[in-house]
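In the working numbering, the protein residues as written are 14 to 162.
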């Protein structure tokens, strides 16, 4: 290989590294979980996140609820993609069925992972991840469940 080809490959690798590690063009910023509310047979945990790219493909959100007094009790929500999510600030509810819940303190963990880019393979090798954890006090009463945030 001649010097021009070497410089071109080095330049492309530098541009890919700068795009992935500094600009984070495909990033989804997780802004946190809000006040939980009871809905029929489920508890709805609101989540906010910011999408920074125009067309988001390959990103997914996953969440689980862990009992603080019994760490082996974990309720996992359905992992889903964020492909149809528009650019900008987004709000949605993550639902956990109440039939699996006991009284006590539960920790909700939310993780958004994005590792898809056709132009830059560094997103697949080093995917972007955002996660947050929030505790909720859940109590079962005669009228149903109540959540103390």
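No residue lacks a Cβ here, since even glycine has one placed at the ideal position from N, Cα and C. Keep in mind that this is a model prediction, so the values were computed, not measured.
- In this structure, the alpha-carbon of residue 113 lies about 19 Å from that of residue 59.
- Residue burial annotation: residue 82 is exposed, with fewer than 16 other C-beta atoms found within 10 angstroms of its C-beta.
- Nearest neighbour of residue 29 by Cα position, chosen from 160, 132, 144, turns out to be 132.
- If you draw a straight line from the Cα of residue 144 to the Cα of residue 120, it comes to about 13 Å.
- Residue pairing for residue 152: DSSP places it in a beta bridge opposite 159.
- In this structure, the beta-carbon distance from residue 106 to residue 90 does not fall below 8 Å.
- Take residue 159, set aside five residues on each side of it, and the residues of its chain with a beta-carbon closer than 6 Å to its own are 152, in chain order.
- Taking every protein chain shown into account, the CB of residue 64 has 16 or more other CB atoms within 10 angstroms, so this residue is buried.
- The closest CA to that of residue 155, considering only 116, 48, 94, is found on 116.
- Residue 57 has its alpha-carbon roughly 5 Å from the corresponding atom of residue 50.
- Per DSSP, residue 21 is one residue of the alpha helix (DSSP H) stretching across 16-31.
- C-alpha of residue 109 to C-alpha of residue 36: approximately 35 Å in a straight line.
- If you draw a straight line from the Cα of residue 99 to the Cα of residue 66, it comes to about 9 Å.
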